[in-house]
Amino acid sequence: MRSAKIGIADTTFARVNMAKFAMNVLRQYGNVKIIRYTVPGIKDLPVAAKKLFEEKNCDALMVFGMPGPHP
Numbered sequence: 090m091r092s093a094k095i096g097i098a099d100t101t102f103a104r105v106n107m108a109k110f111a112m113n114v115l116r117q118y119g120n121v122k123i124i125r126y127t128v129p130g131i132k133d134l135p136v137a138a139k140k141l142f143e144e145k146n147c148d149a150l151m152v153f154g155m156p157g158p159h160p
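First residue of the sequence shown? That's 90 in this note's numbering, and the numbers climb one at a time after it.
Dropping the structure here:
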């Protein structure tokens, strides 16, 4: 059985590194290949998700963004 390919898209301006937390949890649950794509801001997340799905052939996507100045 092949490993699941999980795409994670996140932003550079988020105050909390949510993608890092997600990656740590995913690694605990076995054989997954994680592809991370980081973009400047939340407006770029839809394009990042599309690239992960269409160009990297990810089986599932996780997208993390934090709009506004407060967590």
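All C-beta atoms in this analysis are idealised placements derived from N, C-alpha and C, irrespective of residue type, glycine included. Computed from a prediction, not measured in an experiment: that's the story for all the values here.
Is the beta carbon of ILE131 closer than 8 Å to that of LEU115? Here residue 115 is taken as the residue at index 26 of the sequence shown, counted from 1. Here residue 131 is taken as the residue at index 42 of the sequence shown, counted from 1. Cβ atoms of LEU115 and ILE131: not closer than 8 Å.
Would a check of beta-carbon distances place PHE153 closer than 8 Å to chain C? This model lacks chain C altogether; it includes just one protein chain.
Between which two residues does the beta strand (DSSP E) holding VAL121 run? Residue 121 sits at position 32 when you count from the first residue of the sequence shown. Per DSSP, VAL121 belongs to the beta strand (DSSP E) from 121-128.
Please list the terminal residues of the continuous beta strand (DSSP E) segment that includes MET151. What you label residue 151 is simply residue 62 of the sequence shown in a count that begins at 1. From DSSP, the beta strand (DSSP E) with MET151 extends over 149-152.
Give the DSSP-derived three-state secondary structure of LYS94 in the structure shown. As a position in the sequence shown, residue 94 is number 5, starting the count at 1. If DSSP states are grouped into helix, strand and coil, LYS94 belongs with the strands.
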